[in-house]
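Some notes on the structure that comes next.
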Amino acid sequence: MKLKKDEIEMLEGKRGLAVQRAMEFMVKYGEVLNAEEFVDTQNVCGTISNTTPFLDTLLDKFESFEHLVSELNYNCSDVKDIPRMNIFSCQLEHGLDPDTWEKQYVRKSKFEINAKDEDLSRRMNLNLICTCSPYLVGNLPVFGEHCVWMESSAVAYINTAIGARTNCEGRESSNCSMLTGKTPYWGLHVPENRYGHYYVEVQYPIESVRDWGLLGYYGGLIAGEKIPVFDGIKAKPTMECYKHAGAAGASSGGTEMMHVVGHSPEARTLEEALGGRKPAEKRVLDRAEMKRCYDLLNTATSGNVDFIMLGCPHYSLRQLWEAALMLDGKKISPNVELWIFIPRALREVSDRMGYTEIIEASGAVLMADTCPALGRTKPPEAKTIATDSAKQSHYMPGIFGAAAYFGTTQECVNAAISGKWEGTF
Ligand code: F3S
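Residues 62 to 486 (the numbering used here) are what the sequence shown spells out, left to right.
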């Protein structure tokens with residue numbers, strides 16, 4: 062790789078051992094990717110440790126928590142002191158909510174290691190927003206900004222809806238970018254790699270957030286890690302539409318970006334979305350294909366529901382407000398649990414507006430910082446889950462061996478109240 066002066070200084074250890082080890086890692090990473098150079102970043106979202114499910118079982122094998130984190134993230138065992146970041150960096154979701162962890166059936170050792178993690182994050186200047194949707198609460202990149210983000214739904218969101226540039230990074234690479242401010246110049250950082258590959262003529266009216274989840278799911282199924290281009294959508298997507306489409310595509314395939322002709326910023330025209338090239342394939346997304354995706358996500362058949370999860374990706378303020386309106390004055394069934402996930406920073410608004418009170422009065426629980434898929438936690442006896450997230454519905458059966466229903470938010474709230482699933486396509 063062609064290295065600049067500051068990159069050579071980091072490699073030579075002139076900025077400390079941790080930065081040196083991080084730069085060594087980045088050079089190896091760049092070489093494997095055939096990148097010729099690095100690009101600077103001032104915006105990293107990652108996690109230092111806490112999403113590793115077995116972390117609490119490792120702790121006594123290391124002399125300190127910091128030592129464990131350096132082993133995990135910088136691929137070395139000689140970094141004992143991790144310096145403060147001077148690159149703007151944010152902590153993504155954690156493995157539990159420190160306020161409601163007992164209701165999440167999380168063991169105490171995980172809660173304790175979470176406290177150590179938060180303490181180290183603070184000392185490292187890693188901003189504890191603790192959400193998979195940083196763009197909702199304090200980290201909203203601009204068009205063309207080079208970012209290093211790790212969470213797949215957020216990656217798809219900022220590439221698609223904003224035109225910021227990031228690949229889907231791992232924990233190690235994002236940690237090394239936090240210390241160096243560098244990432245290999247490859248993948249979606251390069252303008253030519255951002256053009257679409259699969260052309261999809263959309264014949265089904267895409268309107269609700271549920272529809273966008275199905276559309277994104279379809280995109281991931283057909284395009285894998287390539288970029289789908291959706292053409293023919295009339296209704297203007299909201300932020301939540303992009304949020305759910307990106308999350309779904311990143312779970313059924315490896316979607317890191319999609320184009321929505323006439324709507325997303327790098328697809329003002331079809332020609333712009335394709336970069337003037339012919340698409341590798343053409344497909345039609347009609348009612349039958351939407352229904353096929355819906356059926357793939359609806360693996361449950363019993364008609365009964367015992368766990369409802371809302372907030373994947375973490376709910377926006379608009380979604381929280383909608384859910385609170387739906388639950389106002391209602392009681393959920395004694396046979397179900399309803400967990401609603403938001404970024405912690407929105408709890409303040411929720412409390413002020415009385416949404417928290419409404420949700421708790423219904424018997425539901427408002428949670429932050431994590432989710433069932435990430436925290437590997439759900440009500441122990443729950444066998445059938447309902448959710449308005451295609452992503453969560455995709456992962457739940459695999460993670461928990463539970464069957465899932467996927468539908469609109471209203472259908473999920475209805476199921477929480479009755480204990481029965483009555484959603485339809
Ligand atoms: Fe976020 Fe968990 Fe979904 S991390 S995107 S709520 S799977």
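The C-beta atom is built at its ideal place from N, Cα and C for all residues, glycine as well.
These numbers were taken from a predicted model, which means no experiment stands behind them.
query	result
Alpha carbon to alpha carbon, how far is THR438 from HIS324?	37 Å
Please name the residue or residues paired with CYS151 in a DSSP beta bridge.	CYS106, ASN188
Taking 8 Å as the threshold (C-beta atoms), are ILE283 and ARG344 in contact?	yes
When you compare only the Cα positions, how much space is there between PHE195 and GLU409?	Reading the sequence as shown, one finds Pro at residue 195 and not Phe. Between PRO195 and GLU409, the C-alpha separation is close to 16 Å.
Is it buried or exposed for LEU296, if we count other Cβ within 10 angstroms and need 16 for buried?	The identity of residue 296 in the sequence shown is Ala, whereas the question assumes Leu. The residue in question, ALA296, is exposed, as its Cβ has fewer than 16 Cβ neighbours within 10 Å.
Relative to the C-alpha of PHE291, which residue among ASP178, HIS305, MET84, GLN264 is closest?	GLN264
Name the DSSP bridge partner or partners of ALA464?	THR445
Using only the heavy atoms of ligand 2, determine whether one of them is closer than 7 Å to the beta carbon of GLU154.	For the structure depicted, ligand 2 is absent and the ligand set comprises only ligand 1.
Please return the same chain residues whose Cβ sits closer than 6 Å to the Cβ of PRO298, not counting the five positions on each side in sequence.	HIS324
Would you say the beta carbon of LYS452 is closer than 7 Å to some non-hydrogen atom of ligand 1?	yes
Using only the alpha-carbon positions, how far apart do LEU64 and TYR466 sit?	51 Å
Any heavy atom of ligand 1 closer than 7 Å to the Cβ of CYS373?	yes
Can you tell me whether DSSP reads ILE294 as helix, strand or coil?	coil
Ligand 1 and PHE368: does the residue's C-beta get closer than 7 Å to at least one heavy atom of that ligand?	no
Do PRO374 and SER214 count as a contact pair if the criterion is CB distance below 8 Å?	yes
Given this structure, state the Cα-to-Cα distance separating LEU427 from MET457, to the nearest angstrom.	20 Å
How is MET229 classed by DSSP in three states: helix, strand or coil?	The sequence given here has Cys at residue 229, not Met. DSSP places CYS229 in strand when its eight states are reduced to three.
Going by the CB atoms, is the gap between CYS191 and GLU154 shorter than 8 Å?	yes
Would you check if the distance between the CB atom of ALA447 and the CB atom of ILE393 is smaller than 8 Å?	no
Report yes if the C-beta of LEU435 is less than 7 Å from at least one heavy atom of ligand 1; otherwise report no.	yes
Classify ILE69 as buried or exposed, calling it buried when 16 or more other Cβ atoms lie within 10 Å of its own Cβ.	exposed
Contact between the stretch 172 to 183 and the stretch 123 to 138: three or more CB pairs below 8 Å?	yes
Using CA atoms only, rank isn't needed, just tell me which of ARG145, ARG255, TRP400 is closest to ALA328.	ARG255
Are THR445 and ASN365 touching if we call contact CB-CB under 8 Å?	yes
If you check the beta carbons only, do CYS237 and ALA96 fall under 8 Å apart?	no
State whether the stretch 305 to 314 contacts the stretch 266 to 283, with contact taken as three or more CB pairs (one from each stretch) at a distance under 8 Å.	yes
Measuring CA to CA, which of GLY462, GLY424, ALA429 is closest to PRO441?	GLY462
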